[in-house]
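Enquirer: In this note's numbering, the protein residues as written are 11 to 395. Cβ atoms here follow ideal geometry from the backbone N, Cα and C, with glycine treated the same way.
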């Protein structure tokens, strides 16, 4: 379909989720707030996302719903996963010439495709932000779904060059239609400010403990098993080493419990195996020395990583997907599935105060690059392509 006008639109429609729903809601909220300073937005959200059994820990947090009191945006939480008529109504909402869809979850494909069809009939251009270029648990079926979703898009947004390469090569999209815009900084808003000592006291950690953090839903691809084995290697070198595991298991916890017991690191582990509410997020990130992202594979960008940047915490990442974009020093990049390499890099960082200070400086610089004002400006430019 050809479009006569490529002028900057005065309004757009966006599909995504907002608090108290979990998942990509923090990202959508920050993008909504920053974009609405430049353009009017009708935000189409979910009244019910999908069956609770598909999402361990439930789909909602304890956060308050976002107030619909800003003159530059209107929130329409009208989509019900079980009601196809609500999908059609969602497609009929808003009068902007552009639909910007936040795509992240395969079970939502019928909803999104219905809205896309209605939007195309209404003559809208469709911009799709892909939060997971490849599903975390991939299959031939999931690839078919992704191809179907992509067939509706006019322009595409990904969060790093690695994602762009995968999208272009695996799905044969025109590279000129794929735009790289970083994942913005996520912050623990509306949370109580704590000092490092206060945060550690609240978590029953010692002032001199060396504290690592694994944060977020626990899924196989995130490599917690590799990190646990690395802690087993380090336990004698650092007698005050602690690893906080903060997140809801999406897999059987017994697999990890067995590693903890067999490596003798039970006293080194602090388990918080549930969804982490906003105040505790602040305490946990304030307390730790190093955030570890030991992912085995990952064709996306990490909200956990950008959250770590907002707390000015050093990060160590595996060399997969866009994770290396979160650091500037090769000392903070490790091979995936390699406990020895991970243990060595963790040891080098924890023993070198100058390196820690350098990594903190890097995080401050990266945080500035990922500010939402810049992201909003780049996004608006895509609406005119």
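Tell me residue 221's beta-bridge partners as DSSP assigns them.
Expert: The residue you call residue 221 lines up with position 211 of the chain shown. Residue pairing by DSSP places residue 221 opposite 252 in a beta bridge.
Enquirer: Within the segment 320-389, note down every full alpha helix (DSSP H) run reaching 4 residues or more, in order along the chain.
Expert: 349-361 and 363-379
Enquirer: Assuming residue 87 is part of the beta strand (DSSP E), what are its boundary residues?
Expert: For the purposes of this step, residue 87 is taken as the residue at position 77 of the chain shown. Segment 83-90, the beta strand (DSSP E) holding residue 87.
Enquirer: In terms of residue numbering, what span does the alpha helix (DSSP H) encompassing residue 179 cover?
Expert: The residue you call residue 179 lines up with position 169 of the chain shown. Element bounds for residue 179: 171-181.
Enquirer: Which partner residues of residue 394 appear in the DSSP bridge assignment?
Expert: Counting from one through the chain shown, the residue named residue 394 turns up at place 384. Paired residue(s): none; residue 394 is not in a bridge.
Enquirer: With distances taken from CA atoms, which of 354, 86, 343 and 392 is nearest residue 369?
Expert: Translated into the one-based positions of the chain shown, residue 369 becomes position 359. Ranking 354, 86, 343 and 392 by Cα distance to residue 369 puts 343 first.
Enquirer: Compute the Euclidean distance between the alpha carbons of residue 30 and residue 246, then round it to the nearest angstrom.
Expert: Residue mapping note: residue 30 aligns to position 20 of the chain shown, counting from 1. Residue mapping note: residue 246 aligns to position 236 of the chain shown, counting from 1. So the two alpha carbons sit approximately 42 Å from each other.
Enquirer: By the 10 Å Cβ neighbour count, where 16 or more other Cβ atoms means buried, how is residue 15 classified, buried or exposed?
Expert: The residue given as residue 15 occupies position 5 in the chain shown. Unreliable positioning characterises residue 15 in this predicted model, as indicated by a pLDDT of 46, which lies under 50. The coordinate reading is nonetheless provided below. Under this definition residue 15 is an exposed residue.
Enquirer: Is residue 130 helix, strand or coil by DSSP?
Expert: Walking along the chain shown from the start, residue 130 turns up at place 120. Of the three classes helix, strand and coil, the one that applies to residue 130 here is helix, per DSSP.
Enquirer: Quick one: give me the first and last residue of the alpha helix (DSSP H) that residue 295 is part of.
Expert: Within the chain shown, the letter at position 285 stands for residue 295. Taken as a continuous stretch (DSSP letters only), the alpha helix (DSSP H) holding residue 295 covers 288-297.
Enquirer: Check for me: the alpha helix (DSSP H) holding residue 156 runs from which residue to which?
Expert: As a position in the chain shown, residue 156 is number 146, starting the count at 1. Here the alpha helix (DSSP H) through residue 156 covers 150-160.
Enquirer: Does residue 394 pass the burial test, meaning 16 or more other C-beta atoms within 10 Å, or should it be called exposed?
Expert: Residue 394 sits at position 384 when you count from the first residue of the chain shown. Classification of residue 394: exposed, given that the 10 Å Cβ count is below 16.
Enquirer: Mapping the DSSP letters down to three states, classify residue 213 as helix, strand or coil.
Expert: Here residue 213 corresponds to residue number 203 of the chain shown, with the count starting at 1. Correct three-state label for residue 213: coil.
Enquirer: Would you kindly check if the distance between the Cβ of residue 292 and the Cβ of residue 373 is under 8 Å?
Expert: As a position in the chain shown, residue 373 is number 363, starting the count at 1. As a position in the chain shown, residue 292 is number 282, starting the count at 1. No.
Enquirer: Measure the C-alpha to C-alpha separation of residue 176 and residue 194 and round it to an integer number of angstroms.
Expert: In the chain shown, the residue the question calls residue 176 occupies position 166. In the chain shown, the residue the question calls residue 194 occupies position 184. Between residue 176 and residue 194, the C-alpha separation is close to 21 Å.
Enquirer: What span of residues does the alpha helix (DSSP H) with residue 271 cover, start to end?
Expert: Numbered from 1 along the chain shown, position 261 holds the residue referred to as residue 271. From DSSP, the alpha helix (DSSP H) with residue 271 extends over 264-272.
Enquirer: Look at the alpha carbon of residue 315 and the alpha carbon of residue 131, and state the distance between them as a whole number of angstroms.
Expert: Residue mapping note: residue 315 aligns to position 305 of the chain shown, counting from 1. Residue mapping note: residue 131 aligns to position 121 of the chain shown, counting from 1. Between the alpha carbons of residue 315 and residue 131 lies a gap of roughly 39 Å.
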